[in-house]
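What follows is a short report on a single structure.
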Amino acid sequence: MKTSMLLAAATLALVNADEYFTGDGTAYTLGQPSAGNCNFMSALDLASTDYAALNDKQWDGLQNCGRCAEVSCDDDRCADKSKSIVVQILDRCPECQYGDLDLSPTVFTALTGSTPSRYTVKWKFVDCPVQGNVNYCLKGGSNNYWTAVQPTNVATGVKSLQINGQDTTMLSSAYYYLLDGASQTQTDLTSIKISLTDVNGNSIEDTVSLTADSCTEGAHQFSSSGGSSPAAQTTYTTPTPTTAAPTTAPTTAPTTAAPTQTPTPTTQTPAPTTQTPAPTTQTPSPTTQSNVGSTTGSDASQTAQQGSSSYNVTGTVAPASTLKPQKTTEAPETSTVTDAPSTQQKSGLPAATTATPSTNQKQTAASQGADDYTQSANTQSGDQNNGTDWTVIFLSAGAGVGAIALVAMVIYTYFQGDGTPYDLSAIGMGNCAFMSSWANSNNYVAVNQAQWDGLTHCGQCIEATCIDSKCKNKNVAVTLQVVDRCPECNYGDLDMSPAALTKIVGYNPGRIKIGWKYVDCPNPATIKFCLKKGTNPWWVAVQPTNTRIGVKGLTINGKPGKLLDGAYYYYIESKDKISFDALKVSVTSMNGDVVSGTYSMTIDQCVDSKQQF
């Protein structure tokens, strides 16, 4: 019985290996292999000319990246249907239907004898003609706490990857297997044990030393699918070399998380003869609604006594504007912090006043009847070490019949935590992946994971001061721009450019207590809109840069954009072809200001809106 089952499994696997798919073959141009949605750091030599983008239904969440397909023409217009070419999957075609392939112009012409149009093709997955062993590439920005590995030069398809015996997850927008230590678990990058399982169930294991932004060849390669019984699973292992134990947690915060340089789908196909459904996005939609702290719970509320009246004050998500008090069950994400620096920033006032609130910290105070006054804001638990909450409140109340009118309420929000230095080689290498930054690019900062809020703070500015007793001058402040994320930093912490930290401390301290708040960016000139590399007429991603204050949302041709999962871009998908010659872009600030216009845009370039919030 067991023998029969093994033979049946082997037969099924071989049948699947020879399974042909039929669909439309179209052509598109990919500038370089790394520009595909897989974002390969290293591709096969043939992929420079013989590449393909897989249709959305067979894309399988990046799982088929790097696999090879043997393609032939199945159209009556083709002179030679027996001719076939092997291509490597580098990209995704979101508008293609099941069975379709978007091919390089070289491959399309060689198979059809025609200039790019739409022909019927058939294809199947095959082993790649690799040379040497599997390579392991470490994503730029990876560190001991956030490790993203890309397997390349694999003969067969990859089913799963483990790092040091731990399961990984696939990044949603690029072909990397991620082990996220969540600021708790370190990975020794000089001795990483990687276990790789292919689509046939075979496994290999290598122990390698990896460096960010580079690839290392392992000691093994998967055997050909046809060269061994698919039912027999084989494991190859390399002995673990004697290496030093992983380093202990550094006193200085490690480099921040990997920016996603990943281009998105770049396929450009002729207009389909039949209506195509809207493509399914591979990136999760970001949360567009600001989290607002719950007003319940002893650890999430703060009481201010004003005579015999009681005012319950909870925190708002800084720096977003909150027009109405809201309650949620989610844990708060920001907290009010530390003594206000000497230069106080205006906060919002009720509409009844004539004072002009700061664009970064507008608050609306609402009046209610009979001593029941509640202003929603966000606080952290009183026992939290980092991000201690100090809120400065000014209240003025007047008596009325059965009610008291709340005349003014001003809240200054500050945060405190550890300041640490780190080097960022270029602003575009930060997790925000900025294509354009403000003039003072040496003053950059990475926000801690707890306050990162899914890229929404990218481009905002922060004013930081030193509050440590070891500081030479606590009155010195520096303004920085958020360009990155620090996954291992705790709530309230900032990872800062060495020059900025040295300026407020008086020397390079390694780690020191700081206080900070969000402020308007100084002298930002005008807003720019940048069109992401990899954008195509059916998938458009735009990045707003150089904004004075934070961005609440962005629309493209009237359609609300969604934030990419791993880089600061708002994108839309469309069934209809979008022209870049007249792209209508509208960006809304956190306090409701709007900058909009119609622009002629070029992929991988920025256009000046000539406007500012």
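Heads up: the sequence shown runs through residues -17 to -1, 1 to 596, numbered per mature numbering (1 follows the signal peptide of the UniProt record, and there is no 0). For every residue, glycine included, the Cβ atom is placed at its ideal position computed from N, Cα and C. Predicted model only: the values in this text are computed from it and were never measured.
With a cut-off of 8 Å, do at least 3 Cβ pairs link the region 124 to 140 to the region 73 to 87? no
In the structure shown, what three-state DSSP assignment does G411 receive? helix
Classify T571 as helix, strand or coil using the three-state DSSP reduction. strand
Please report the distance separating the alpha-carbon of V488 from that of L477. 14 Å
Once you ignore the five residues that flank W5 on each side, which residues in its own chain have a CB closer than 7 Å to its CB? The question names Trp, but residue 5 in the sequence shown is Thr. D57, G82, T103, K105, listed in sequence order.
Is it the case that the Cβ atoms of Y501 and Q464 are separated by a distance below 9 Å? no
Can you check whether the CB of N414 is closer than 9 Å to the CB of D467? yes
Note down, in chain order, each residue of its chain lying with its Cβ closer than 6 Å to the Cβ of K455, except the 5 sequence neighbours on either side. G489
List the endpoints of the continuous beta strand (DSSP E) containing F91. That residue, F91, is in no beta strand (DSSP E); its alpha helix (DSSP H) goes 88 to 95.
Would you tell me roughly how many angstroms separate the C-alpha atoms of residue 601 and D74, rounded to the nearest one? For the chain, the structure presents residues -17 to 596; residue 601 sits outside this window and is missing.
For K455, the first and last residue of its enclosing beta strand (DSSP E): Looking at the DSSP string, K455 is not in any beta strand (DSSP E), and its letter there is neither H nor E.
Start and end residues, beta strand (DSSP E) containing P99: Counting along the chain, P99 falls outside any beta strand (DSSP E), and DSSP gives it neither H nor E.
Along the chain, where does the alpha helix (DSSP H) containing L484 start, and where does it finish? 481 to 488
Assign P77 to one of three DSSP states: helix, strand, or coil. coil
Whether or not the region 134 to 149 and the region 527 to 538 are in contact is what I'm after, with contact meaning three or more pairs of Cβ atoms, one per stretch, closer than 8 Å; do they touch? no
C-alpha gap between A232 and Y159, whole angstroms: Low per-residue confidence applies at A232: pLDDT is 34, beneath 50, and the placement is therefore not dependable, though the value from the model is reported in the following sentence. For A232 and Y159, the distance between alpha carbons rounds to 25 Å.
Going by CA-CA distance only, name the one from N574, S583, S569 that's closest to S562. S583
Could you check whether A52 and K107 sit closer than 9 Å to each other, using their CB atoms as the reference points? yes
Here's a check: name, in chain order, each residue in its chain whose Cβ is nearer than 6 Å to the Cβ of P520, leaving out the five neighbours to either side. K560, I561
Answer with yes or no whether the minimum CB distance from P543 to chain D is below 9 Å. Absence of chain D from the displayed structure is noted, only one protein chain being present.
Need the endpoints of the beta strand (DSSP E) that D181 sits in, please. 175 to 181
With C-beta atoms as the reference, is A157 less than 9 Å away from G549? yes
In chain order, what residues of the same chain have a beta carbon less than 6 Å from the beta carbon of G164, not counting five sequence neighbours either side? Y128
Neighbourhood of A131 by C-beta distance below 6 Å, restricted to the same chain and skipping five residues each side: K122, S125, Y159, L161, A241
What do you reckon, are the CB atoms on G140 and G49 nearer than 9 Å? yes
Alpha carbon to alpha carbon, what distance is there between G8 and D1? 19 Å
Within its chain, find whatever has a CB closer than 7 Å to the CB of K593; leave out the 5 residues flanking it on each side and keep chain order. T509
Let's test the definition: count the other Cβ atoms within 10 Å of the Cβ of G44 and tell me whether it reaches 16, buried, or not, exposed. exposed
State yes or no: is the C-beta of V577 within less than 9 Å of the C-beta of Y554? no
Whole angstroms are fine: how far does the CA of M418 sit from the CA of Y397? 29 Å
Using only alpha-carbon positions, find the residue among L179, P112, D503, C79 that is nearest to R101. C79
Since Y11 contacts A36 with CB under 8 Å, what's their CB separation in whole angstroms? 7 Å
T234 (DSSP reduced to helix, strand or coil): Summary for T234: the model assigns pLDDT 31, below 50, so the residue's position carries little reliability, and this model does not support an answer.
Any idea which residues DSSP pairs S197 with across the strands? L121
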